[in-house]
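A.B. asks: Following this message is one structure expressed as structure tokens.
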Amino acid sequence: MRNRNKLGLIAIIFCCMPVIALAQQISLNDNTLGAVFFNIQRVYDVCMDMALELAKPENNVARDEINEQIKSVLRVSDFDVEDYLVMIKKLKKDKIFIPSGPMLFSIDAKYRPILQLKANTRPLLLYQTIMSALDDPPELKADVANEKLVEITLPTPQFKLKLSIEPESIFLVSDEKNLSAQDTGKWGDFKNNFADKNNLLDVQIDFDRVKQLLAEKNLAARHSVCLGNLRTLKNALEMYRLDNGSDLERFDIKILLEKHYLAAEPACPKGGNYSLSHSNKGEVYCTIHGSIENPKAQVEDANAHINPQLKPFKAFRLQLSTNSIEFKMQLSDKQTLEQWLAIARQQLLTVRHMAENQLGHLPEVQKKRILAIVNSIECQSKNEWLVVSAAGIDEKTMAMGIVGGLGGLANQAIPRFIQTRKNERMKACYSNRRMLSDVLEMYNLDNPEKKMNQLDLNALVDGGYIKEAPVCNEGGIYSLNEEDQVECSKHGL
Ligand SMILES: [Zn+2]
Ligand SMILES: [Zn+2]
């Protein structure tokens with residue numbers, strides 16, 4: 003082989019390496035709900051070139067135009083793109099964060115995110131930059147002693163997430179083991195696309211798996227409603243026995259209702275009947291769900307609970323390359339596919355008509371370009387997929403569109419994420435307080451001569467009432483108020 007060819011081959015292998023390594027690390031399989039491939043390096047390069055070009059003194063007219071546009075769109079009075087250009091230049095000069103490969107993000111059936119990003123970073127500096135930009139920085143424990151690695155554990159209610167920033171990559175993974183799952187190749191085409199260097203953004207959602215998950219949740223929720231009913235019935239019977247000195251002669255919900263041991267008649271969400279088992283110590287049971295002690299496993303097929311209108315949809319995919327956009331929808335039955343194709347084609351005609359009529363105010367060159375894109379839109383069916391695609395868009399426009407779209411998403415998602423976190427903390431603290439008041443009641447019943455007037459968590463732990471003292475996750479202190487109710491100094495009653 004000639005030397006030049008050899009060199010070329012080596013170069014190709016090197017370029018493909020991060021992509022191949024990435025594809026192996028992240029496991030996309032039948033338990034993956036959705037995944038995003040983002041060619042952040044390429045988009046970053048395009049945007050950086052544009053920013054540096056714009057920062058040149060001779061482009062001040064263009065800068066002023068952008069300032070005016072942004073001010074009118076965002077309705078802000080003080081905006082200067084100059085500030086951002088200074089920041090962008092600094093980011094590049096200080097080498098805090100320079101993407102050196104694609105980003106891959108996925109979510110599994112337990113809603114756990116996995117993120118992998120190839121980038122040249124300075125871990126400590128990046129960590130400090132992010133923290134200083136947050137109004138309400140989460141309480142994180144970071145291993146900042148080592149300048150080469152910053153590890154942050156993000157507590158979430160169901161699992162812990164570990165974010166590690168290394169000089170060459172950023173990872174976000176759950177510390178739990180990955181769900182093992184078979185791989186029937188649903189992600190094959192998505193994975194194959196990693197190696198395409200013109201691939202900018204690729205998003206796929208396994209809607210089949212999402213539907214199944216929702217149906218499973220629905221089933222579990224029905225079961226828990228019935229279990230709640232069984233508990234209510236058990237308590238009612240218990241109260242009856244305490245009041246009357248003997249068990250109810252014959253299990254009869256009407257009697258429990260008449261004598262106000264029950265406020266309302268409990269109904270099994272699946273139409274099961276409640277009665278008492280004679281063999282099993284008089285346990286209440288449901289003919290469908292079993293008893294509290296021995297619940298009947300639901301062999302029912304979760305698929306039976308999927309909304310029939312959603313049934314045909316199998317997957318969604320959005321692919322943006324350097325010059326084309328493709329939106330795809332996978333449908334299981336031919337007839338629905340044909341229907342959707344007809345609808346899409348109809349809509350397309352409307353869009354073309356609108357574009358031709360409403361671009362009058364634009365300069366001729368721009369008008370021509372937009373019309374060319376609109377006219378390139380095609381709707382077609384390929385196997386099970388309905389495909390809507392457009393071509394002829396230039397890379398700069400595409401990159402700006404992606405940045406704008408992701409920025410808009412972040413704008414929506416971040417405040418929501420912060421709110422959810424706050425709500426979760428409040429809920430966790432509330433359940434701590436409920437638990438403490440239950441435990442306190444038990445303690446006081448057991449120790450009538452030394453009832454607790456002041457909350458003594460150590461005494462509760464020492465007495466074996468709780469394993470460990472509960473901690474408010476926003477640093478509140480638990481105490482008893484004048485009415486002996488458990489209170490949190492941060493969250494109140
Ligand atoms: Zn039931
Ligand atoms: Zn609290």
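Following my numbering, the numbering of the sequence shown begins with 3 at its first residue and continues without gaps.
Quick reminder that beta carbons are idealized off the backbone N, C-alpha and C, glycines included.
Values in this document were obtained by computation on a predicted structure and should not be read as measured data.
Please determine, among N446, D448, R435, the residue with the shortest C-alpha to C-alpha distance to P472.
C.D. replies: If you number the sequence shown from 1, residue 472 lands on position 470. Ranking the options by Cα distance to P472, first place goes to R435.
A.B. asks: I need the residues with a C-beta less than 5 Å from some heavy atom of ligand 2; please give them in chain order.
C.D. replies: Chain-ordered, the residues whose CB falls short of 5 Å from any heavy atom of ligand 2 come out as C431, C474, G478, C490, K492, H493.
A.B. asks: In whole angstroms, what is the alpha-carbon distance linking C474 and V152?
C.D. replies: What you label residue 474 is simply residue 472 of the sequence shown in a count that begins at 1. What you label residue 152 is simply residue 150 of the sequence shown in a count that begins at 1. Approximately 26 Å between the Cα atoms of the pair.
A.B. asks: For I375, verify whether its CB is less than 8 Å away from any heavy atom of ligand 1.
C.D. replies: Position 373 of the sequence shown, counted from the start, is the residue given in the question as residue 375. False, no ligand heavy atom lies under 8 Å from that Cβ.
A.B. asks: Looking only at its own chain, which residues have a Cβ that is under 6 Å from the Cβ of E476, when we skip the five neighbours before and after it?
C.D. replies: Counted from its first residue, the sequence shown places residue 476 at position 474. R427, K492, listed in sequence order.
A.B. asks: Compute the Euclidean distance between the alpha carbons of H262 and L278, then round it to the nearest angstrom.
C.D. replies: For the purposes of this step, residue 262 is identified with residue 260 of the sequence shown, where counting begins at 1. For the purposes of this step, residue 278 is identified with residue 276 of the sequence shown, where counting begins at 1. Their Cα atoms are separated by approximately 19 Å.
A.B. asks: So if DSSP puts G36 in a beta bridge, which residue, or which two residues, is it bridged to?
C.D. replies: Locating residue 36 in the sequence shown gives position 34, where the first residue counts as 1. Its beta-bridge partners are I109, I207.
A.B. asks: Grab the span of the beta strand (DSSP E) containing K384 for me, first residue to last.
C.D. replies: By one-based count along the sequence shown, residue 384 stands at place 382. From DSSP, the beta strand (DSSP E) with K384 extends over 380-384.
A.B. asks: Counting only the same chain and skipping the five closest in sequence on each side, list residues whose C-beta sits under 7 Å from that of K398.
C.D. replies: Along the sequence shown, one-based indexing puts residue 398 at 396. So the qualifying residues of the chain are V48, M52.
A.B. asks: Among residues of its own chain, excluding the 5 on either side of M3, which ones have a beta-carbon nearer than 6 Å to its beta-carbon?
C.D. replies: The residue you call residue 3 lines up with position 1 of the sequence shown. Confidence in M3 is poor, its pLDDT being 47 and thus under 50, which makes the residue's placement unreliable; the coordinate value appears in the next sentence. Result list for M3: empty, nothing under 6 Å.
A.B. asks: Could you check if N220 belongs to the surroundings of ligand 1, using beta carbon to heavy atom distance under 8 Å?
C.D. replies: For the purposes of this step, residue 220 is taken as residue 218 along the sequence shown, with counting starting at 1. Incorrect: N220 has no Cβ contact closer than 8 Å to ligand 1.
A.B. asks: What did DSSP end up calling M331 once you bin it into helix, strand or coil?
C.D. replies: Position 329 of the sequence shown holds residue 331. Of the three classes helix, strand and coil, the one that applies to M331 here is strand, per DSSP.
A.B. asks: Just checking: is the beta-carbon of L30 within a distance shorter than 9 Å of some beta-carbon in chain D?
C.D. replies: In the structure shown, chain D cannot be found, because there is only a single protein chain.
A.B. asks: May I ask you to check if the CB of V294 is nearer than 8 Å to at least one heavy atom of ligand 1?
C.D. replies: Along the sequence shown, read from residue 1 onward, the residue named residue 294 stands at position 292. The amino acid at residue 294 is misidentified as Val; the sequence shows Ile. Not under cutoff, so the answer is no.
A.B. asks: Tell me whether H307, by its Cβ, gets closer than 8 Å to a heavy atom of ligand 1.
C.D. replies: Walking along the sequence shown from the start, residue 307 turns up at place 305. False, no ligand heavy atom lies under 8 Å from that Cβ.
A.B. asks: Apart from the five residues just before and just after E380, which ones in its own chain have a Cβ nearer than 6 Å to its Cβ?
C.D. replies: Here residue 380 is taken as the residue at index 378 of the sequence shown, counted from 1. Answer for E380: S391, listed in chain order.
A.B. asks: Can you tell me which residues fall inside 5 Å of ligand 1, judged by beta-carbon distance to its nearest heavy atom, and keep chain order?
C.D. replies: C228, C270, G274, C288, I290, H291
A.B. asks: For S108, count neighbouring Cβ atoms within 10 angstroms of its own Cβ and tell me buried if that reaches 16, exposed if not.
C.D. replies: For the purposes of this step, residue 108 is taken as the residue at position 106 of the sequence shown. Buried: at least 16 other Cβ atoms inside 10 Å.
A.B. asks: With DSSP collapsed to three states, give me the class of N446.
C.D. replies: Within the sequence shown, numbered from 1, the residue matching residue 446 stands at position 444. Of the three classes helix, strand and coil, the one that applies to N446 here is helix, per DSSP.
A.B. asks: So, at 6 Å on beta carbons, what are the nonlocal neighbours of E149 in its own chain, with the 5 sequence-adjacent residues on each side left out?
C.D. replies: Here residue 149 corresponds to residue number 147 of the sequence shown, with the count starting at 1. Cβ within range, chain order: L126.
A.B. asks: Rounded to whole angstroms, what is the Cα-Cα separation between D198 and V405?
C.D. replies: Position 196 of the sequence shown, counted from the start, is the residue given in the question as residue 198. Position 403 of the sequence shown, counted from the start, is the residue given in the question as residue 405. Distance between the alpha carbons of D198 and V405 is about 20 Å.
A.B. asks: Tell me whether C474 sits in a helix, a strand or coil according to DSSP, three-state version.
C.D. replies: As a working note, residue 474 is residue 472 in the sequence shown. In the structure shown, C474 sits in coil (DSSP, three-state: anything other than H, G, I, E or B).
A.B. asks: So P314 packs on L333, CB below 8 Å; how close in whole Å?
C.D. replies: Taking the sequence shown and counting its residues from 1, the one referred to as residue 314 is at position 312. Taking the sequence shown and counting its residues from 1, the one referred to as residue 333 is at position 331. Sure, about 5 Å apart at Cβ, within 8 Å.
A.B. asks: With the cut-off set at 9 Å, would you say V45 and L202 are in Cβ contact?
C.D. replies: Position 43 of the sequence shown holds residue 45. Position 200 of the sequence shown holds residue 202. Going by C-beta atoms, V45 is nearer than 9 Å to L202.
A.B. asks: Within the same chain, show all residues whose beta-carbon is closer than 8 Å to that of C18, passing over the 5 residues directly before and after it, in chain order.
C.D. replies: As a position in the sequence shown, residue 18 is number 16, starting the count at 1. With a pLDDT of 49 at C18, under the threshold of 50, the predicted position of this residue should be treated as unreliable, and no value is reported.
A.B. asks: In this structure, does DSSP put V488 in helix, strand or coil?
C.D. replies: To locate residue 488, count along the sequence shown from 1; it is residue 486. The answer is strand: DSSP assigns V488 an E or B state.
A.B. asks: Can you tell me where the beta strand (DSSP E) with C288 in it begins and where it stops?
C.D. replies: Looking up residue 288 in the sequence shown gives position 286. Note, C288: beta strand (DSSP E), 286-288.
A.B. asks: Just mark T324 as buried or exposed, buried being the case when its beta carbon has 16 or more other beta carbons within 10 Å.
C.D. replies: Counted from its first residue, the sequence shown places residue 324 at position 322. Per the 10 Å Cβ criterion, buried.
A.B. asks: Leaving out five residues before and five after N483 in sequence, what residues of the same chain have Cβ atoms less than 8 Å from its Cβ?
C.D. replies: For this step, residue 483 is matched to residue 481 along the sequence shown. For N483, where only same-chain residues beyond five positions count, the Cβ hits under 8 Å are E489, L495.
A.B. asks: Could you spell out the range, first to last residue, of the beta strand (DSSP E) harbouring W387?
C.D. replies: By one-based count along the sequence shown, residue 387 stands at place 385. That run of the beta strand (DSSP E) goes 387-393.
A.B. asks: Buried or exposed for L442, please, with buried defined as at least 16 other CB atoms from any protein chain shown within 10 angstroms of its CB.
C.D. replies: For the purposes of this step, residue 442 is taken as residue 440 along the sequence shown, with counting starting at 1. L442 should be labelled buried.
A.B. asks: State the Cα-Cα distance for the pair N275 and P268, rounded to the nearest angstrom.
C.D. replies: Here the question's residue 275 lines up with position 273 in the sequence shown. Here the question's residue 268 lines up with position 266 in the sequence shown. Distance between the alpha carbons of N275 and P268 is about 10 Å.
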